[in-house]
Amino acid sequence: MKYVVNATQPFIDNAVKNLANNNYKNVFFISAALLEEMTEALQFGDDSNGDIGYFIDSSMELLSQISDKKLSKPLREEIFSYCISSFNKKIFSGWDWHLGVLYIASDLAENENEADLIIKCLDTVENEYEKDQALFFKLKLLRKHKSINEIDNFIGKHIGNSRIRNDEILRAFENKNFDKAIKLAKEGAINDKEDKPGLVKDWYNWLLKIAQIQKNTSKIIEYARFLLVDDFMPEQDYYQILQNNIEVENWNPFLEELIHEISTDKKWRSRELIRKIYIKEEWWDRLFLMLKQNLTFETIRENEKYLAKDYSLELITLYNNSIPNYLKNNIGRKHYQTACRYIRRMKKLGGTKEATLMIEQLRKEYPRRLALLEELNMV
Numbered sequence: 003m004k005y006v007v008n009a010t011q012p013f014i015d016n017a018v019k020n021l022a023n024n025n026y027k028n029v030f031f032i033s034a035a036l037l038e039e040m041t042e043a044l045q046f047g048d049d050s051n052g053d054i055g056y057f058i059d060s061s062m063e064l065l066s067q068i069s070d071k072k073l074s075k076p077l078r079e080e081i082f083s084y085c086i087s088s089f090n091k092k093i094f095s096g097w098d099w100h101l102g103v104l105y106i107a108s109d110l111a112e113n114e115n116e117a118d119l120i121i122k123c124l125d126t127v128e129n130e131y132e133k134d135q136a137l138f139f140k141l142k143l144l145r146k147h148k149s150i151n152e153i154d155n156f157i158g159k160h161i162g163n164s165r166i167r168n169d170e171i172l173r174a175f176e177n178k179n180f181d182k183a184i185k186l187a188k189e190g191a192i193n194d195k196e197d198k199p200g201l202v203k204d205w206y207n208w209l210l211k212i213a214q215i216q217k218n219t220s221k222i223i224e225y226a227r228f229l230l231v232d233d234f235m236p237e238q239d240y241y242q243i244l245q246n247n248i249e250v251e252n253w254n255p256f257l258e259e260l261i262h263e264i265s266t267d268k269k270w271r272s273r274e275l276i277r278k279i280y281i282k283e284e285w286w287d288r289l290f291l292m293l294k295q296n297l298t299f300e301t302i303r304e305n306e307k308y309l310a311k312d313y314s315l316e317l318i319t320l321y322n323n324s325i326p327n328y329l330k331n332n333i334g335r336k337h338y339q340t341a342c343r344y345i346r347r348m349k350k351l352g353g354t355k356e357a358t359l360m361i362e363q364l365r366k367e368y369p370r371r372l373a374l375l376e377e378l379n380m381v
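Encoded structure:
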């Protein structure tokens, strides 16, 4: 692959020089040739380092750059025709730049007829993921080249498309048409609940933003609570939003109810949310109890910085009990290094005496584990 890279890089360098010198036709020829050849190379080349992908991305970027330039009429038409033709011939089928060439064509389109050619291509897309992209792409073309009636009819027919729904909510939000934005977001939450639950969070984030603009406290609490429980890739600090909007005297009862609700769910995410609540509220006794119920080296380490002040002796004891058991079931230098790392943590917590006794005991118990003895000598 290094020979391919060394032999191909000069083509990119040449195209960049031609771009700087406004030789757009040469840029087009080089980029199109590289795009086709490197796409074919993906079928039989090792692209684990992304070398072929680099040439493809560079070629697409160069084509995109010249599509924004002031081109001669024949060259503009030639590049436009190439994009349409390569799509119809499915030269790049299965790759992101299969649709990508149509984006370049849309930048070059100057009239409704040319837009119709692109739309005709988009209507042939069958792959489910590409179809979602194609529908949203088609809407952008309609907005640019078609009537309001056509645009509205298309949106009404395809509002189930998440990209189109999100775009419509954004437009309504920016125009302060909050009733429309709320209606679209609520419909999205209902429609996507079963088949696309991951999208529901997006619609609730919109509902929360609108409630915040409208200063609707009850809705802010409702939506922030939902999003806090979901707790995946948060857009805002939902915990702080809730704390800011719930009366002080109602805060602890609210948290207790929330903890009770999510504690029935045994998933890791639910346990982690409860842990975060304990940390936020500095409920160290409950955090320590939770640690004992889910005891691993990792959970001790994660909670150590919160519990070290009040529970250092207890943490030393947990390490003291866990390390010997770990070494009974695990052999090999990697595991010995792990055990010794936690012995050092015992010492850091003030358990130097306990750590020293453990090291002596381990030396007696495993005199033939030479790698372990070596690691213990470095503690």
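To convert a position in the sequence shown, counted from 1, into this note's numbering, add 2.
Ideal placement from N, C-alpha and C gives every residue a C-beta, glycine not left out.
Just so we're clear, the structure is a prediction, and the values are computed from it rather than from any experiment.
Start-to-end residues for the alpha helix (DSSP H) that takes in residue i
i	result
Lys330	299-331
Lys2	Past the edges of the chain, shown from 3 to 381, lies residue 2, and the structure says nothing about it.
Ala43	26-43
Tyr368	Unbroken run through Tyr368: none, as it is neither H nor E.
Trp270	270-283
Thr340	335-350
Thr10	4-22
Asn168	164-176
Closest by C-alpha distance to residue i, when choosing among the options
i	options	result
Thr219	His147, Gln245, Gly190, Thr10	Gln245
Arg335	Arg371, Ser88, Ser149	Arg371
Arg346	Arg303, Ala373, Asn193	Arg303
Ile106	Ser69, Leu230, Trp205	Ser69
Glu277	Met292, Lys142, Asp239	Position check: residue 277 holds Arg in this sequence, whereas Glu was assumed. For the residues Met292, Lys142, Asp239, the minimum Cα distance to Arg277 belongs to Met292.
Leu374	Leu297, His100, Gly352, Leu329	Leu329
Arg288	Glu300, Arg273, Phe31	Arg273
Met380	Asn168, Glu251, Thr340, Leu315	Thr340
Ala3	Leu320, Cys123, Met40	Residue identity check: residue 3 is Met in the sequence provided, not Ala. Among Leu320, Cys123, Met40, the Cα nearest to that of Met3 belongs to Met40.
His100	Ile86, Glu263, Asn177	Ile86
Tyr313	Gly352, Arg343, Ile120, Tyr344	Gly352
Tyr308	Asp98, Tyr280, Ser265	Tyr280
Ile264	Asn322, Asn168, Asp233, His147	Asp233
Met62	Ser95, Asp53, Leu37, Thr358	Leu37
Arg227	Ile14, Pro199, Leu260, Leu201	Leu260
Leu275	Pro236, Asp194, Glu132	Pro236
Phe13	Phe31, Asn23, Asn24	Phe31
Asp169	Asp181, Gly102, Leu186	Leu186
Gln67	Asp53, Gly55, Lys27, Trp97	Lys27
CB contact flag (residue i, residue j, <8 Å)
i	j	result
Ser126	Phe57	Sequence inspection shows Thr at residue 126; the Ser mentioned does not correspond to that position. No, the Cβ-Cβ distance between Thr126 and Phe57 is not below 8 Å.
Val29	Leu77	no
Ile414	Leu144	This structure cannot settle anything about residue 414, because the visible part of the chain is limited to 3 through 381.
Leu229	Asn207	yes
Glu1	Phe290	Residue 1 lies beyond the stretch modelled for the chain, which goes from 3 to 381, so this question has no answer here.
Lys203	Tyr241	no
Leu137	Ile157	no
Glu356	Ile325	no
Lys146	Ala117	yes
Tyr338	Phe299	no
Cys342	Leu378	yes
Phe94	Cys123	no
Near the ligand HEM: residue i beta-carbon under 7 Å from a heavy atom
i	result
Ile120	As for the ligand HEM, it is missing from this structure, which has no ligand bound.
Short CB-CB distance (under 8 Å) between residue i and chain D
i	result
Leu210	Going by chain labels, chain D is absent from the structure shown, which holds only one protein chain.
* Could you pull out every unbroken alpha helix (DSSP H) segment of at least 4 residues lying fully inside the region 194-249, listed in chain order? => 199-216, 219-232, 240-247
* To do: Taking 8 Å as the threshold, find out whether the region 79-90 comes into contact with the region 43-55 through three or more Cβ pairs.
  => no
* Mind the definition here: the region 198-218 touches the region 250-258 only if three or more C-beta pairs lie below 8 Å; say whether that holds. => No, the region 198-218 does not touch the region 250-258.
* Within the region 54-92, ranges of the alpha helix (DSSP H) (whole runs, at least 4 residues) -> 75-90
* Asked: Any chance the region 179-198 sits against the region 146-166, with 3 or more Cβ pairs inside 8 Å?
  -> yes
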